[in-house]
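Engineer: Here it is: the structure, laid out below.
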Amino acid sequence: MSDVNSQRRGFLKTSLGVAAVSIAPGMLLFDVAHGKSEAVTSKVRWGMMIDTAQCKEGCNECVTACNTENGLTGGKLPTDSQWIRKIEIKDISSGRELSLPMMCQHCEQPPCVDVCPTGASFKREDGIVLVDKHRCIGCRYCMMACPYKARSFVHEVVTDQNPDVPRGKGTVESCTMCVHKIDAGEQPACAQSCPNKAILFGDLNNQESEIYKKVHSVASVQVRADLQLNPGVRYQGL
Amino acid sequence: MKLLASLLLFLCMPVVWAAEANIPKPDIGKGGQCVKDTQWMRKNHMHLLVHQRDETVRKGIRDDSISLKNCIECHASTKDDSVIARNDSFCVACHHYEAVKIDCFECHSGTRKSAWKQRSAK
Numbered sequence: 000m001s002d003v004n005s006q007r008r009g010f011l012k013t014s015l016g017v018a019a020v021s022i023a024p025g026m027l028l029f030d031v032a033h034g035k036s037e038a039v040t041s042k043v044r045w046g047m048m049i050d051t052a053q054c055k056e057g058c059n060e061c062v063t064a065c066n067t068e069n070g071l072t073g074g075k076l077p078t079d080s081q082w083i084r085k086i087e088i089k090d091i092s093s094g095r096e097l098s099l100p101m102m103c104q105h106c107e108q109p110p111c112v113d114v115c116p117t118g119a120s121f122k123r124e125d126g127i128v129l130v131d132k133h134r135c136i137g138c139r140y141c142m143m144a145c146p147y148k149a150r151s152f153v154h155e156v157v158t159d160q161n162p163d164v165p166r167g168k169g170t171v172e173s174c175t176m177c178v179h180k181i182d183a184g185e186q187p188a189c190a191q192s193c194p195n196k197a198i199l200f201g202d203l204n205n206q207e208s209e210i211y212k213k214v215h216s217v218a219s220v221q222v223r224a225d226l227q228l229n230p231g232v233r234y235q236g237l
Numbered sequence: 000m001k002l003l004a005s006l007l008l009f010l011c012m013p014v015v016w017a018a019e020a021n022i023p024k025p026d027i028g029k030g031g032q033c034v035k036d037t038q039w040m041r042k043n044h045m046h047l048l049v050h051q052r053d054e055t056v057r058k059g060i061r062d063d064s065i066s067l068k069n070c071i072e073c074h075a076s077t078k079d080d081s082v083i084a085r086n087d088s089f090c091v092a093c094h095h096y097e098a099v100k101i102d103c104f105e106c107h108s109g110t111r112k113s114a115w116k117q118r119s120a121k
């Protein structure tokens with residue numbers, strides 16, 4: 000009898016051991032798996048403040064950084080995607096010249112979202128305007144609706160994309176404010192790369208943030224403010 | 000009883016042989032199991048991917064454990080860092096066998112992020 004008992008005890012010990020080993024890897028993997036499991040909220044509104052006095056003529060760092068980060072060719076053909084561009088403007092009467100970056104202005108009332116027939120063009124809770132390429136049919140209504148000419152259509156097959164930035168033929172795309180970087184707690188590539196810190200990125204709703212303080216203390220304008228779209232990108236000294 | 004069992008076994012063998020001849024043998028890369036068991040994943044992975052894509056794109060929920068990027072991270076071939084490069088690559092092998100077209104990789108990269116980073120840094 001005692002022999003049977005000890006055998007039974009041994010069996011129980013081994014099976015417990017086996018169970019422990021087989022549970023452990025699963026539990027470990029749950030620990031390893033991370034990332035944001037919470038949805039973004041409208042408590043945050045991402046925006047940018049561009050200081051045109053700091054933006055230098057001829058400097059193209061933000062554009063290059065954007066192209067590298069998002070896998071754009073940087074070509075100048077009408078069919079090449081352009082998420083951010085440098086524009087030079089001149090006041091004819093005074094002769095004052097300015098250079099500034101122009102990209103998706105991430106409107107609070109985006110016309111691109113209004114016109115999209117499939118619901119592909121949408122605004123995320125935190126104010127970032129994006130294209131859900133799973134739903135985009137490439138009709139390009141949004142490109143026509145955008146007063147900032149911010150969107151591009153992908154005309155050719157794209158290969159070797161950045162795994163964080165899916166892009167494909169037949170869909171419309173534009174500046175995502177580097178949403179993959181924001182969700183990882185980083186800054187957009189253009190803001191990171193600017194040698195003169197002309198692009199200030201932050202949360203327009205957070206009273207502690209640098210951008211909030213600047214918006215509330217320095218004169219800045221929204222491009223085409225008359226359209227009342229309330230863009231998230233503001234320009235200082237324009 | 001034994002006779003019956005061996006008879007059954009004998010009858011089943013040709014079926015097993017025939018099935019094994021064509022069965023896809025995907026290159027599982029590093030492999031491992033972090034979501035559910037293999038059989039469950041074979042049947043249901045597409046539901047997870049569709050669900051997760053909307054959560055991620057629309058709500059910014061980036062749950063690494065069921066993100067496409069993370070699937071690729073472990074299942075890309077150790078030879079060419081891809082899930083789509085060859086006929087026996089992880090995704091292609093079964094999809095080819097079942098004649099189901101994959102649209103994911105018309106936009107998404109089929110390459111492991113670490114490998115892509117190395118390549119683009121050059």
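Quick mapping for you: the protein sequence lines, in order, are chains A and G. Take 0 as the starting number for the first sequence in numbering that gives the first Met the number 0 and just add one per residue. Take 0 as the starting number for the second sequence in numbering that gives the first Met the number 0 and just add one per residue. Cβ coordinates follow ideal geometry from the N, Cα and C atoms, glycine included. Just so we're clear, the structure is a prediction, and the values are computed from it rather than from any experiment.
(1) Using the Cβ count rule (16 or more neighbours within 10 Å means buried), how would you classify E60 of chain A?
(2) Express the C-alpha separation of K116 of chain G and D102 of chain G in angstroms, rounding to a whole number.
(3) Would H105 of chain A be called buried (16 or more neighbouring beta carbons within 10 Å of its own) or exposed?
(4) Would you be able to state if there are at least three C-beta pairs under 8 angstroms between the region 79–93 of chain A and the region 199–214 of chain A?
(5) Would you give the residue range spanned by the beta strand (DSSP E) that K55 of chain A belongs to?
(6) Could you list which residues in chain G have their beta carbon closer than 7 angstroms to that of D131 of chain A, in chain order?
(7) What are the boundary residues of the alpha helix (DSSP H) that includes S119 of chain G?
(8) Given this structure, state the Cα-to-Cα distance separating S66 of chain G from P109 of chain A, to the nearest angstrom.
(9) When we look at the beta-carbon of V238 of chain A and count the other beta-carbons within 10 Å, is it buried (16 or more) or exposed?
(10) By the three-class DSSP mapping on this structure, what secondary structure does K132 of chain A have?
(11) Quick one: is V39 of chain A near chain G, going by C-beta distance under 9 angstroms?
(12) According to DSSP, which residues form a beta bridge with T121 of chain A?
(13) Is any heavy atom in the ligand SAM found nearer than 8 angstroms to the beta carbon of P230 of chain A?
(14) Closer than 8 angstroms by C-beta to N205 of chain A: which residues in its own chain qualify, once you throw out the five before and the five after it? Chain order, please.
(15) Please go through the same chain and pick out, in chain order, the residues whose beta-carbon is closer than 7 angstroms to the beta-carbon of C115 of chain A, but skip the five residues on each side of it.
(16) So that I know if they touch, is there some Cβ in chain G lying closer than 9 angstroms to that of Q160 of chain A?
(17) Would you mind stating whether P100 of chain A and C54 of chain A have Cβ atoms separated by less than 9 angstroms?
(18) Just checking: is the beta-carbon of I71 of chain G within a distance shorter than 9 angstroms of some beta-carbon in chain A?
(19) Where M48 of chain A and P77 of chain A are concerned, what is the direct C-alpha to C-alpha distance, given to the nearest angstrom?
(20) Could you tell me which uninterrupted beta strand (DSSP E) segments, each at least 3 residues in length, are contained entirely in the region 80–111 of chain A, listed from first to last along the chain?
(21) Quick check: the region 159–178 of chain A against the region 126–139 of chain A, are at least 3 beta-carbon pairs closer than 8 angstroms?
(22) Write down every uninterrupted run of the beta strand (DSSP E) in the region 183–216 of chain A whose length is 3 residues or greater and which is fully enclosed by it, in chain order.
(23) Please report the distance separating the alpha-carbon of G319 of chain A from that of T117 of chain A.
(24) Nearest chain G C-beta to R44 of chain A closer than 9 angstroms, yes or no?
(25) Using a Cβ-Cβ cutoff of less than 8 angstroms, which residues in the same chain neighbour R154 of chain A once the five nearest sequence positions on both sides are dropped?
(26) Ignore the nearest five residues each way along the sequence and tell me which others in V128 of chain A's own chain have a CB closer than 8 angstroms to its CB.
(27) In chain order, which continuous runs of the beta strand (DSSP E) of length 3 or greater are located wholly inside the region 8–89 of chain G?
(28) Just how far apart, CA to CA, sit S64 of chain G and V34 of chain G?
(29) Taking 9 angstroms as the threshold (beta carbon to beta carbon), is V171 of chain A in contact with chain G?
(30) Is P194 of chain A buried or exposed, if buried means 16 or more other CB atoms sit within 10 Å of its CB?
(31) How about K112 of chain G: is its C-beta nearer than 9 angstroms to some C-beta of chain A?
(32) Applying a beta-carbon distance threshold of less than 8 angstroms, which residues of chain A neighbour W127 of chain G?
(33) I want to see whether chain G comes within less than 9 angstroms of G231 of chain A, judged by CB atoms only; does it?
(34) Name the residues in the region 90–110 of chain G whose C-beta lies less than 8 angstroms from a C-beta of chain C; which are they?
(35) Relative to the alpha-carbon of H74 of chain G, which residue among G:A98, G:G109 and G:P23 has its alpha-carbon at the smallest distance?
Structural biologist: On the basis of the data shown:
(1) Buried: at least 16 other Cβ atoms inside 10 Å.
(2) So the two alpha carbons sit approximately 23 angstroms from each other.
(3) In the assembly as shown, H105 of chain A is a buried residue. Its beta-carbon has 16 or more other beta-carbons within 10 Å.
(4) Three or more beta-carbon pairs separated by less than 8 angstroms are not found between the region 199–214 of chain A and the region 79–93 of chain A, which leaves the two stretches without contact.
(5) Counting along the chain, K55 of chain A sits inside no beta strand (DSSP E), nor does DSSP assign it H or E at all.
(6) By Cβ distance, chain G contributes V56 and R57.
(7) Residues K112 to A120.
(8) Whole-angstrom Cα-Cα distance: 29 angstroms.
(9) The structure shown does not extend to residue 238 of chain A, since chain A spans only 0 to 237, so no value can be given for it.
(10) DSSP, read as helix, strand or coil, puts K132 of chain A in coil.
(11) Answer yes: the Cβ-Cβ gap between V39 of chain A and chain G drops below 9 angstroms somewhere.
(12) Note that residue 121 of chain A is Phe in the sequence shown here, rather than Thr. In the DSSP output, where bridge partners are listed per residue, F121 of chain A has A:L129.
(13) Ligands in the displayed structure: none, and consequently the ligand SAM is not present.
(14) V43 and Y211.
(15) In the same chain as C115 of chain A, and ignoring 5 residues on each side of it, the C-beta atoms closer than 7 angstroms to its own belong to Y140 and C141, in chain order.
(16) Contact with chain G is found for Q160 of chain A, since one of that chain's Cβ atoms lies less than 9 angstroms from the residue's Cβ.
(17) Closer than 9 angstroms, so yes.
(18) With 9 angstroms as the cut-off, I71 of chain G counts as an interface residue toward chain A.
(19) Cα to Cα, the separation comes out at about 28 angstroms.
(20) Taken in chain order, the complete beta strand (DSSP E) segments of 3 residues or longer contained in the region 80–111 of chain A are 83–89 and 96–102.
(21) These segments touch.
(22) Runs found: 198–202.
(23) Because chain A spans 0 through 237 in this model, residue 319 of chain A falls outside it and cannot be assessed.
(24) No, no contact with chain G.
(25) Checking the sequence shown, residue 154 of chain A turns out to be His, not Arg. The answer, listed in chain order, is T78 and K168.
(26) So the qualifying residues of the chain are C103, H105, C106, P109, C111, V112, S120, F121, K122 and S173.
(27) For the region 8–89 of chain G, not a single whole beta strand (DSSP E) run of length 3 or above is found.
(28) The straight-line gap from Cα to Cα measures roughly 7 angstroms.
(29) For V171 of chain A, the nearest beta carbon of chain G is not closer than 9 angstroms to its own beta carbon.
(30) Label assigned to P194 of chain A: exposed.
(31) Judged by the 9 angstroms Cβ criterion, K112 of chain G is in contact with chain A.
(32) Examination of residue 127 of chain G is not possible in this model, given that chain G is present from 0 through 121 alone.
(33) Nearest CB-CB separation between G231 of chain A and chain G: not below the 9 angstroms threshold.
(34) Any reference to chain C falls outside this structure, whose protein chains are A and G.
(35) Minimum Cα distance to H74 of chain G is reached at G:G109.
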